[in-house]
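**Student:**
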Amino acid sequence: MKLIWGKGRKILSTIITTILFINLIVMAVLVISSKASGGEPQAFGYQLKTVLSGSMEPTFLTGSIIAVTPLEGEEKKNLKEGDVITYVDSEERLITHRVIGIKTSGEHVMFETKGDNNDAADLEPVLSENVQAIYSGFTIPYAGYFIDFAQSKEGSAILLIVPGLLLIAYAAYCIYQGLKELEPKKKKNDIDTEEKPA
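Per the numbering used here, residue 7 is the first one in the sequence shown, and the count goes up by one each step.
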């Protein structure tokens, strides 16, 4: 029974250490990539954007994180109706809406856009040059609140320090447990030594 409990504790210890270490790495990557990009973090070639309004509900909810694929050059002109795009509007805001119409004027391509939850189309057409990215279809509901927190100075500090402290505390606990297990063995060896005849 003791042997099973010892093995179970060892496995549990390995799992907890791995989870804490992965958490620390993920937090570090998110915080560093968001600082490096000057905005939303990036992962595996995708940009992670926080949804700030309900204009695209129910496709994605306010406070969600969506993954978008950055577009370059001619890719911006090859979009089709139904694509969900992220673009810069005339007020320099980033907006993610669905393409509902396409107009071509010479070399210029313009997209008519609309939020899924809006009654009317957006007032201004979007020039292809202003398109930044296309929605990949990947969403994490409500995680945007966490990313916004991670981008603040306090959030960055907490999200890097807390997992590190947990990892250190857990390592100290494991060392303490290991020393406790060695103590009875040391006493037993001392007793055995004393009992042996000279």
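Ideal placement from N, C-alpha and C gives every residue a C-beta, glycine not left out.
Kindly indicate which residue of Gly143, Tyr179, Leu173 and His103 has the alpha-carbon position closest to the one of isoleucine 28.
**Tutor:** Ranking Gly143, Tyr179, Leu173 and His103 by Cα distance to isoleucine 28 puts Leu173 first.
**Student:** Ignoring anything shorter than 3 residues or poking outside the region 37-121, list the beta strand (DSSP E) runs there in chain order.
**Tutor:** Here the runs fully enclosed are 52-56, 71-76, 90-94, 100-111 and 114-120.
**Student:** Once you ignore the five residues that flank tyrosine 151 on each side, which residues in its own chain have a CB closer than 7 Å to its CB?
**Tutor:** Taken in chain order, the residues that qualify are Gly69.
**Student:** Can you tell me whether tyrosine 148 is helix, strand or coil according to DSSP?
**Tutor:** Residue state, collapsed to three classes: coil.
**Student:** Considering only residues of the same chain and omitting the five flanking positions on each side of phenylalanine 144, which have a CB-CB separation below 6 Å?
**Tutor:** So the list reads Ala73, once near-sequence residues are dropped.
**Student:** Can the beta-carbon of tyrosine 52 be found less than 8 Å from the beta-carbon of threonine 20?
**Tutor:** Not in contact: tyrosine 52 and threonine 20 (Cβ atoms no closer than 8 Å).
**Student:** Alanine 139 bridges to which residues according to DSSP?
**Tutor:** In the DSSP output, where bridge partners are listed per residue, alanine 139 has Pro76 and Thr92.
**Student:** Can you list, in chain order, the residues of its chain with a C-beta nearer than 7 Å to that of valine 115? Leave out the 5 residues immediately preceding and following it.
**Tutor:** Contacts found: Lys83, Ile108 and Ser134.
**Student:** Quick check: the Cα distance between serine 142 and asparagine 124, rounded to an integer number of angstroms?
**Tutor:** Their Cα atoms are separated by approximately 21 Å.
**Student:** How many Å lie between isoleucine 101 and aspartate 95 at the Cα?
**Tutor:** Spanning the two alpha carbons is a distance of roughly 7 Å.
**Student:** Roughly how many whole angstroms lie between the Cα atoms of lysine 55 and cysteine 180?
**Tutor:** Cα to Cα, lysine 55 sits roughly 39 Å from cysteine 180.
**Student:** Tell me whether leucine 171 sits in a helix, a strand or coil according to DSSP, three-state version.
**Tutor:** Looking at leucine 171 - three-state DSSP - the assignment turns out to be helix.
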